[in-house]
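Peer 1: Sharing a structure, written as structure tokens. Questions coming.
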Amino acid sequence: MTKQDRHFWIEATILLLLLASVVTALAISLSEPLNKDDLKIVAGNLRSFAASGRLLAIQYSKGLTTETFFRNQTELIQEKAKASADSLRGSKAEPDMHAHLSKAATLAQEITNALKESENTNDPAIEAAKLDSLTQQVSQEEDALKQ
Amino acid sequence: MKSFLEIFLGILTAMGGFVEIGELVFSVNAGVKFRYSLLWVEVLGTIGIIVFSEMSGRISAVTQQPVFSYIRTRAGYGAGLMTLLAANSVSLLTCTAEIGGLALLLKLAFGGNYFLLAALVLIGLLAAVWFLSFQAIERIFGLLGLFLLIFVIAALNLGPSWGEAASGLIPSLPKVETTSDYWLYGYFVVALMSSIMLPYEVYFYASGAIEDGWNATMINANRMIILVGFPLGSLLSVALMFVGASYFQPQMIEPQLPGTAALAAAAVFGKWGLIYAIAGMFFAFGGAAIENALTGAYNLSQFLGWNWGKYRTPKDAPRFHVTWMLMFVVAALIVMTGVDPVEVVEYSIIFAVVILPLTYLPILLAAADEDYMGTFKNGWLAKTLGWLYFAIICIAALAAIPLLIITHGGKG
């Protein structure tokens, strides 16, 4: 085997090992019940979805964005929130995290519904207020998970 | 006068083409999560891309030889093939993310079905590369990408904390809430660095120099374009970080969609700000999609010794032209599976770090090779900076995958 052939196999092995380690880590994390860190990440995402929806509604109500932009961007955020809600519904949590999972699932569904209403609303200011309240609630949940 | 105009346009093009979807997402979110404390990475990465782009442009100007033919000669078929596969996989993923990003932007501007819009984007990109010359592609997408300057003006209007920003130029650990945030900080250091130094940028720059017919007389122009254009381009990503820190962090928003980032421009300039931001992103993402598709075709053609170049007709370089079309088609098919383009770009950026040493080592060796470069070989400054950056990207490459796993894919 020449030196160049050896280099090729070494590089190929390293790249394959790296790829395998990522796939393994991903597979393990998907099959395990949700822990505190996982729920903290979910809560962070939900807080960001709700806050983005609120900001969009405020800007639209002030005439800062176009209607097409407002409705389509809200729809895109709503799809992300719905994906989170669906994923939480089918998930299991570690024994001491059941209450947090249940709370996160409820909030995810409420945020999804609020975003759906916002997407079709004629009064964005009301939807902004709803999303503001949900942002605060999910933010408190996130803080609780950080402790 | 003509050469001054060439350099001026080159600078503007380099500036407008600096930001793509990955850099947009990482820069804004870096600002949201760590405010200005990652500013030093922007500076470090920008100097890095300047060092290696200057070398690759110089190699092309002096030798008129593409980078990948040197890689194959120098590293051998096996190692060269590995580099090719890794580089083209990252280019394909990046192209996928850009096409997905373009479809999202069209949806925000005009509405409609995302998948139909992705198909429309595919047709538009194929037509643009087919009908436009290389120079026209560079100029149109690079110059219209300058609409993104709206973020620089917005960042200034949103009242950044200059003192904090100045502290961010010095590497230091930020104030964080939990110890896991330090890992996240490390992840952002690596990802931000990679988003600035993406491998396709140097491959494209080197092949583009040959497309533009550069010779040794262009070496100073090459330096001027890079030394002025890239730092100005990095101002755009710095502005995005500022916008993240001063506008989105107080609102508790971590933008995961390009449209969310545009809200900062709308906040300052209303509907026109929003339209400018979306237009800027559209041309920046479009330019990056084309650059990645062409880079895939350049790399493969140069490695296998095929005729290549946009300046050649499809009859003269059929396999080159089929390859860039296939890059677009496969990328669009991946988009059609419904993957989230932002997640795709996040992973492609992390995997790009892993292959950065494979990309930059051959360039470093070629630029320092006296037999190859003659009197234009690397001087002491290029040599020192080149090896220093090679060490930095090796460390980043080793850290990338563990950080990706520890931080749950950069989520925290």
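Chains A and B supply the protein sequences, listed in that same order.
In terms of my numbering, the first sequence is residues 1211 to 1357.
In terms of my numbering, the second sequence is residues 2 to 413.
All C-beta atoms in this analysis are idealised placements derived from N, C-alpha and C, irrespective of residue type, glycine included.
If you're wondering where the values come from, they're calculated on a predicted model, not measured in any experiment.
Along chain A, in chain order, which residues have C-beta atoms closer than 8 Å to that of Met253/B?
Peer 2: Arg1257, Ser1258, Ala1261, Thr1345, Ser1349
Peer 1: Of all Cβ atoms in chain A, is any one closer than 7 Å to the Cβ of Gly260/B?
Peer 2: yes
Peer 1: Strictly by DSSP, which residues pair up with Ala1303/A?
Peer 2: Answer by DSSP bridge pairing, in chain order: Leu1244/A.
Peer 1: Does the stretch 39-51 of chain B come close enough to the stretch 255-274 of chain B to have 3 or more Cβ pairs within less than 8 Å?
Peer 2: no
Peer 1: For Ala280/B versus Ala266/B, is the C-beta distance shorter than 7 Å?
Peer 2: no
Peer 1: Any Cβ of chain B within less than 7 Å of the Cβ of Phe1279/A?
Peer 2: yes
Peer 1: Can you tell me which of Gly1273/A, Asp1247/A, Glu1221/A puts its alpha carbon nearest to the alpha carbon of His409/B?
Peer 2: Asp1247/A
Peer 1: Less than 7 Å between the beta carbons of Ser196/B and Gly23/B, yes or no?
Peer 2: yes
Peer 1: I'd like to check one pair, Glu21/B with Asp239/B: are the Cβ atoms closer than 7 Å?
Peer 2: According to the sequence as given, residue 239/B is Val; it is not Asp. Their beta carbons are not under 7 Å apart, which means Val239/B does not touch Glu21/B by this criterion.
Peer 1: Between which two residues does the alpha helix (DSSP H) containing Ala298/B stretch?
Peer 2: 259-305
Peer 1: In chain order, what residues of the same chain have a beta carbon less than 6 Å from the beta carbon of Phe243/B, not counting five sequence neighbours either side?
Peer 2: Ala156, Pro161
Peer 1: Can you look up Asp341/B in the DSSP assignment and give me helix, strand or coil?
Peer 2: Under the three-state reduction of DSSP output, Asp341/B falls in the coil class, being neither helix nor strand.
Peer 1: Pull up the CB-CB distance for His1308/A and Leu1355/A, whole angstroms please, since I reckon it's below 8 Å.
Peer 2: His1308/A to Leu1355/A, Cβ: 13 Å. No contact.
Peer 1: How close, in whole Å, do the beta carbons of Ala1261/A and Glu1352/A come, if the pair is a contact with beta carbons under 8 Å?
Peer 2: Not quite, the Cβ-Cβ distance comes to about 11 Å (not below 8 Å), so this is no contact.
Peer 1: Going by other Cβ atoms of all chains shown within 10 Å of its Cβ, with 16 needed for buried, is Gly1300/A buried or exposed?
Peer 2: exposed
Peer 1: Take the Cβ of Asn216/B as the centre, count every other Cβ of all protein chains shown within 10 Å, and call the residue buried at 16 or more, exposed below.
Peer 2: exposed
Peer 1: Given a cut-off of 7 Å on the beta-carbon distance, is the pair Leu159/B and Tyr248/B in contact?
Peer 2: yes
Peer 1: Could you check the C-alpha separation between Tyr71/B and Asp1296/A for me, to the nearest Å?
Peer 2: 51 Å
Peer 1: For Arg320/B, which option in Phe189/B, Leu301/B, Phe152/B has the closest C-alpha, if you only look at C-alpha atoms?
Peer 2: Leu301/B
Peer 1: Tell me where the alpha helix (DSSP H) around Gln1357/A begins and ends.
Peer 2: Unbroken run through Gln1357/A: none, as it is neither H nor E.
Peer 1: Measure the C-alpha to C-alpha separation of Ile211/B and Trp131/B and round it to an integer number of angstroms.
Peer 2: 19 Å
Peer 1: How many angstroms separate the CA atom of Ser349/B from the CA atom of Ile335/B?
Peer 2: Distance from the CA of Ser349/B to the CA of Ile335/B, rounded to the nearest whole angstrom, comes to 13 Å.
Peer 1: Under a Cβ-count criterion, where at least 16 other Cβ atoms within 10 Å of its own Cβ denotes burial, should Ile356/B be classed as buried or exposed?
Peer 2: Counting the other Cβ atoms within 10 Å of the Cβ of Ile356/B gives 16 or more, which makes it buried.
Peer 1: List the residues of chain B that Asp1247/A touches, going by C-beta distances under 8 Å, in chain order.
Peer 2: Simply Ser181, His409, Gly413.
Peer 1: Report the rounded CA-to-CA distance for Phe286/B versus Met374/B, giving the unit in angstroms.
Peer 2: 34 Å
Peer 1: Please confirm whether Thr1284/A and Glu1329/A have their CB atoms less than 7 Å apart.
Peer 2: Going by C-beta atoms, Thr1284/A is nearer than 7 Å to Glu1329/A.
Peer 1: Taking the alpha carbon of Tyr115/B as the point to measure from, which residue in Ala104/B, Gly125/B, Pro172/B has its own alpha carbon closest?
Peer 2: Ala104/B
Peer 1: How is Trp215/B classed by DSSP in three states: helix, strand or coil?
Peer 2: coil
Peer 1: For Ala332/B and Thr97/B, I'd like the C-alpha separation in whole angstroms.
Peer 2: 4 Å
Peer 1: Answer with yes or no whether the minimum CB distance from Glu1304/A to chain B is below 7 Å.
Peer 2: no
Peer 1: Can you name the start and end residues of the alpha helix (DSSP H) that Ile481/B belongs to?
Peer 2: Any property of residue 481/B remains undetermined from this structure, which presents chain B solely from 2 to 413.
Peer 1: Does any residue of chain A bring its CB to less than 7 Å from the CB of Ala267/B?
Peer 2: Closer than 7 Å to some Cβ of chain A, the Cβ of Ala267/B qualifies, so yes.
Peer 1: Using 10 angstroms around the beta-carbon of Val26/B, count the other beta-carbons present and answer buried if the total reaches 16, otherwise exposed.
Peer 2: Val26/B counts as buried, since no fewer than 16 other beta carbons sit within 10 angstroms of its beta carbon.
Peer 1: Do the stretch 186-196 of chain B and the stretch 393-402 of chain B touch if we need at least three Cβ pairs shorter than 8 Å?
Peer 2: yes
Peer 1: Let's test the definition: count the other Cβ atoms within 10 Å of the Cβ of Gly58/B and tell me whether it reaches 16, buried, or not, exposed.
Peer 2: Gly58/B counts as buried, since no fewer than 16 other beta carbons sit within 10 angstroms of its beta carbon.
Peer 1: Any contact between the stretch 1341-1350 of chain A and the stretch 1272-1281 of chain A? By contact I mean 3 or more CB pairs, one from each, below 8 Å.
Peer 2: no
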